[in-house]
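Asker: Numbering (our numbering), first residue to last: 18 to 460. Ideal Cβ placement from N, Cα and C applies to all residues, glycine included. Computed from a predicted structure; not experimentally measured. Input: one structure, supplied below.
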Ligand SMILES: NC(=O)c1ccc[n+]([C@@H]2O[C@H](COP(=O)([O-])OP(=O)(O)OC[C@H]3O[C@@H](n4cnc5c(N)ncnc54)[C@H](O)[C@@H]3O)[C@@H](O)[C@H]2O)c1
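Here's what the structure looks like:
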């Protein structure tokens, strides 16, 4: 059993055998064992966390839009309210933070929370720049024995993630050589929105901008429905990473869960013409990964906005899968969407005699409820989470490095230990972002 299989098994086994950390009294549901949680970003995606947090003490609610507080307070009446997450994180007695804010603040909130010894559940994407992902991961690795982290890639709990992993790991396609993930979402915008009107009363637009460069207010950034408003701002370079951070986080996870990779040694990308305001819609990026203990070197690829990997057979129309992954091996392919998979053995010796499916008792156990996995790990630090800041940090760092390769238009050689591109100085300039004065990434 390797690391990821161990994590899944340990998480499930541990869920039934809750060992309380020292200092926590009572049983799993005793009042003394409830977490004191701050929910930052209380509407939109924040609403999706209300039920999982209902069993804990939500003691702080933070949102840049004060109009969101009355509804949230109905659900969590004992919470204090804040408009600035930096002040919220200073509330005494907090144990844990759930972050559902705009993407450009995720790495900031995660770092500040970890630096205050708080467990963190952060919505995807964990970061929008390579350097930001690296700082968050490094902060967590120093404290991983006592703090639980999870990135909001909740599709990871779908049973199909395990099944795809088992097929590839158990040799159904022979030796893995390449893996591809793609998403077809296309939301085109010409550039940042022009100044229009004033923020409504109680909406702190300057705090919404936070660390990002100044832009004028426009209601168009806030016109989407709950949990969909991210599609009004996440394509702009200063507020997101486009579809890489959006569906890319979920879909690359379907691939990443299988390949047991760390950081790539190279990145190259191509896509539509560069727009200084807006991330590319159509783009593809490719990464080389060294061998690990169960496979040889592989190439990992990400396609978006209409770019697609070639189908292994004309009768398989990959375009019918809006968000999917494909694994190429020496004896065939596995093709998957989030909920199902196809095995396509091929070649003269692909008679499947080389492959033996798992015995029932070796099948990977279900992850269970994704948010609960994190809550359980907060209460018992020996439990693991599937999408912790190492797994998710490596994944998003790779994808964000692809955006850098797209911008410079060269194949980049990458030293993952140092976080440096070794063959292209101008690429190193693009690994980090410039922040507005007064905002500290690692505060
Ligand atoms: N895991 C998923 O499946 C999933 C689904 C949808 C959205 N998301 C993620 O959730 C996040 C929020 O997306 P959304 O569509 O709900 O966006 P949104 O614009 O509606 O923001 C959510 C809430 O956060 C508040 N907010 C924004 N920035 C803030 C800040 N700096 N401080 C405090 N509050 C702040 C907003 O006012 C709003 O109430 C995004 O990062 C998105 O990627 C994840």
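Going straight from the alpha carbon of residue 301 to that of residue 340, what length do you get?
Answerer: In the chain shown, residue 301 corresponds to position 284, counting from 1. In the chain shown, residue 340 corresponds to position 323, counting from 1. When only Cα atoms are considered, residue 301 and residue 340 end up about 14 angstroms apart.
Asker: Which ranges does the beta strand (DSSP E) cover as unbroken runs of at least 3 residues, wholly within the segment 114-154, from first to last along the chain?
Answerer: Listed in chain order, the complete beta strand (DSSP E) runs (minimum 3 residues) inside the segment 114-154 are 136-139.
Asker: Give the secondary structure of residue 276 by DSSP, where H, G and I count as helix, E and B as strand, and everything else as coil.
Answerer: Walking along the chain shown from the start, residue 276 turns up at place 259. Note: residue 276 maps to helix in three-state DSSP.
Asker: Classify residue 25 as buried or exposed, calling it buried when 16 or more other Cβ atoms lie within 10 Å of its own Cβ.
Answerer: Translated into positions along the chain shown, residue 25 becomes position 8. Residue placement at residue 25 cannot be trusted, given a pLDDT of 49 that sits under 50; what the coordinates show is reported in the next sentence. That one is buried.
Asker: Note the first and the last residue of the continuous alpha helix (DSSP H) segment covering residue 379.
Answerer: Counted from its first residue, the chain shown places residue 379 at position 362. Here residue 379 belongs to no alpha helix (DSSP H), and DSSP marks it neither H nor E.
Asker: For residue 328, which option in 197, 457 and 270 has the closest C-alpha, if you only look at C-alpha atoms?
Answerer: As a working mapping, residue 328 is identified with position 311 in the chain shown. Among 197, 457 and 270, the Cα nearest to that of residue 328 is on 197.
Asker: By Cβ distance, which residues of its chain are closer than 8 angstroms to residue 95, with the 5 residues on each side in sequence left out?
Answerer: Mapped onto the chain shown, residue 95 falls at position 78. The residues are 74, 75 and 76.
Asker: Can you determine whether any heavy atom of ligand 1 sits closer than 7 angstroms to the C-beta of residue 176, and answer yes or no?
Answerer: In the chain shown, the residue the question calls residue 176 occupies position 159. Not one heavy atom of ligand 1 sits closer than 7 angstroms to the Cβ of residue 176.
Asker: May I ask which residues mark the beginning and end of the beta strand (DSSP E) holding residue 90?
Answerer: Reading the chain shown from its first residue, position 73 is the one you call residue 90. Looking at the DSSP string, residue 90 is not in any beta strand (DSSP E); the run it does join, the alpha helix (DSSP H), is 86-92.
Asker: Is it buried or exposed for residue 218, if we count other Cβ within 10 angstroms and need 16 for buried?
Answerer: Counting from 1 along the chain shown, the entry for residue 218 is found at position 201. Around the beta carbon of residue 218, a 10 Å sphere encloses fewer than 16 other beta carbons of the protein chains shown; the residue is thus reported as exposed.
Asker: Determine the contact status of residue 461 and residue 152, defining contact as a CB-CB distance below 8 angstroms.
Answerer: What is shown of the chain runs 18 to 460, which leaves residue 461 out entirely.
Asker: Examine ligand 1 and report whether any of its heavy atoms sits within less than 7 angstroms of the Cβ of residue 140.
Answerer: Here residue 140 corresponds to residue number 123 of the chain shown, with the count starting at 1. Indeed, a heavy atom of ligand 1 lies less than 7 angstroms from the Cβ.
Asker: Drop a sphere of 10 angstroms on the beta-carbon of residue 42, count the other beta-carbons inside from all chains shown, and report buried for 16 or more, exposed for fewer.
Answerer: To locate residue 42, count along the chain shown from 1; it is residue 25. Only weak support is given to the placement of residue 42: the predicted model assigns it a pLDDT of 38, under 50, and the value that follows is read from those uncertain coordinates. So residue 42 counts as exposed.
Asker: Closer than 7 angstroms: is that where the CB of residue 252 sits relative to any heavy atom of ligand 1?
Answerer: Against the chain shown, residue 252 aligns to sequence position 235. Not under cutoff, so the answer is no.
Asker: Are the CB atoms of residue 312 and residue 193 within a distance shorter than 8 angstroms?
Answerer: Numbered from its first residue, the chain shown carries residue 193 at position 176. Numbered from its first residue, the chain shown carries residue 312 at position 295. The answer is yes: Cβ separation under 8 angstroms.
Asker: Residue 263 to residue 296, Cα distance in whole Å?
Answerer: The residue you call residue 263 lines up with position 246 of the chain shown. The residue you call residue 296 lines up with position 279 of the chain shown. If I take the Cα positions, the gap works out to 12 angstroms.
Asker: Going by other Cβ atoms of all chains shown within 10 Å of its Cβ, with 16 needed for buried, is residue 176 buried or exposed?
Answerer: The sequence position of residue 176 within the chain shown is 159, counting from 1. By the C-beta density criterion, residue 176 is exposed, having fewer than 16 other C-beta atoms within 10 angstroms.
Asker: Throw me the rounded Cβ distance for the residue 50 and residue 112 pair, which I believe falls under 8 angstroms.
Answerer: In the chain shown, the residue the question calls residue 50 occupies position 33. In the chain shown, the residue the question calls residue 112 occupies position 95. Not confirmed; about 11 angstroms, so no contact.
Asker: Write down the C-beta distance between residue 294 and residue 254 rounded to the nearest angstrom, noting that I regard them as a contact closer than 8 angstroms.
Answerer: Your numbering for residue 294 matches position 277 in the chain shown. Your numbering for residue 254 matches position 237 in the chain shown. That pair is a contact at about 7 angstroms.
Asker: Using the C-alpha atoms, what's the distance from residue 449 back to residue 285?
Answerer: Residue numbering aside, residue 285 sits at position 268 when the chain shown is read from its first letter. Residue numbering aside, residue 449 sits at position 432 when the chain shown is read from its first letter. Taking the straight line joining both Cα atoms gives about 18 angstroms.
Asker: Between the alpha carbons of residue 456 and residue 227, how many angstroms are there, rounded?
Answerer: Taking the chain shown and counting its residues from 1, one reaches residue 456 at position 439. Taking the chain shown and counting its residues from 1, one reaches residue 227 at position 210. Approximately 7 angstroms between the Cα atoms of the pair.
Asker: Would you check if there are 3 or more beta carbon pairs closer than 8 angstroms linking the segment 137-147 to the segment 413-433?
Answerer: yes
Asker: Does residue 81 come out as helix, strand or coil in the three-state DSSP assignment?
Answerer: Taking the chain shown and counting its residues from 1, the one referred to as residue 81 is at position 64. Three-state DSSP puts residue 81 in coil, outside helix and strand.
Asker: Under the criterion of a Cβ to heavy atom distance below 7 angstroms, does residue 395 qualify as lining ligand 1?
Answerer: Sequence index remark: in the chain shown, residue 395 carries index 378 (1-based). No.
Asker: Determine the burial state of residue 370: buried for a count of at least 16 other Cβ atoms within 10 Å of its Cβ, exposed for fewer.
Answerer: Here residue 370 corresponds to residue number 353 of the chain shown, with the count starting at 1. With fewer than 16 other beta carbons inside 10 angstroms of its own, residue 370 counts as exposed.
Asker: Return no unless some Cβ of chain D is closer than 8 angstroms to the Cβ of residue 370.
Answerer: As a matter of chain content, chain D is missing from the structure shown, which is built from one protein chain.
Asker: Give me the DSSP bridge partner(s) of residue 173.
Answerer: Within the chain shown, residue 173 is the residue found at index 156, counting from 1. DSSP lists no partner for residue 173.
Asker: Considering only the beta carbon of each residue, do residue 214 and residue 236 sit closer than 8 angstroms?
Answerer: By 1-based counting over the chain shown, the position of residue 214 is 197. By 1-based counting over the chain shown, the position of residue 236 is 219. Remark: C-beta atoms of residue 214 and residue 236 approach each other more closely than 8 angstroms.
Asker: Taking the beta strand (DSSP E) that residue 432 belongs to, which residues open and close that run?
Answerer: Residue mapping note: residue 432 aligns to position 415 of the chain shown, counting from 1. Where residue 432 is concerned, the enclosing beta strand (DSSP E) stretches over 429-432.
Asker: Tell me whether residue 229 is buried or exposed, calling it buried when 16 or more other Cβ atoms sit within 10 Å of its Cβ.
Answerer: Mapped onto the chain shown, residue 229 falls at position 212. Residue 229 is classed as buried because its beta carbon has at least 16 other beta carbons within 10 Å across all chains shown.
Asker: Taking its Cβ as the centre, do 16 or more other Cβ atoms sit within 10 Å of residue 393, making it buried, or is it exposed?
Answerer: Along the chain shown, read from residue 1 onward, the residue named residue 393 stands at position 376. Answer is buried; the Cβ neighbour count reaches 16.
Asker: Would you say the beta carbon of residue 81 is closer than 7 angstroms to some non-hydrogen atom of ligand 1?
Answerer: Locating residue 81 in the chain shown gives position 64, where the first residue counts as 1. Because some heavy atom of ligand 1 lies under 7 angstroms away, the Cβ of residue 81 counts as near it: yes.
Asker: Considering just the uninterrupted stretch of the alpha helix (DSSP H) at residue 423, what are its terminal residues?
Answerer: Mapped onto the chain shown, residue 423 falls at position 406. Note, residue 423: alpha helix (DSSP H), 408-425.
Asker: Roughly how many angstroms lie between the CA atoms of residue 363 and residue 182, to the nearest whole one?
Answerer: In the chain shown, residue 363 corresponds to position 346, counting from 1. In the chain shown, residue 182 corresponds to position 165, counting from 1. Near 19 angstroms, if we compare the C-alpha coordinates of residue 182 and residue 363.
Asker: Is it a yes or a no for the segment 197-211 touching the segment 90-105, going by three-plus beta-carbon pairs under 8 angstroms?
Answerer: Taking a cut-off of 8 angstroms on C-beta distances, the segment 197-211 does not touch the segment 90-105, as fewer than three cross pairs fall below it.
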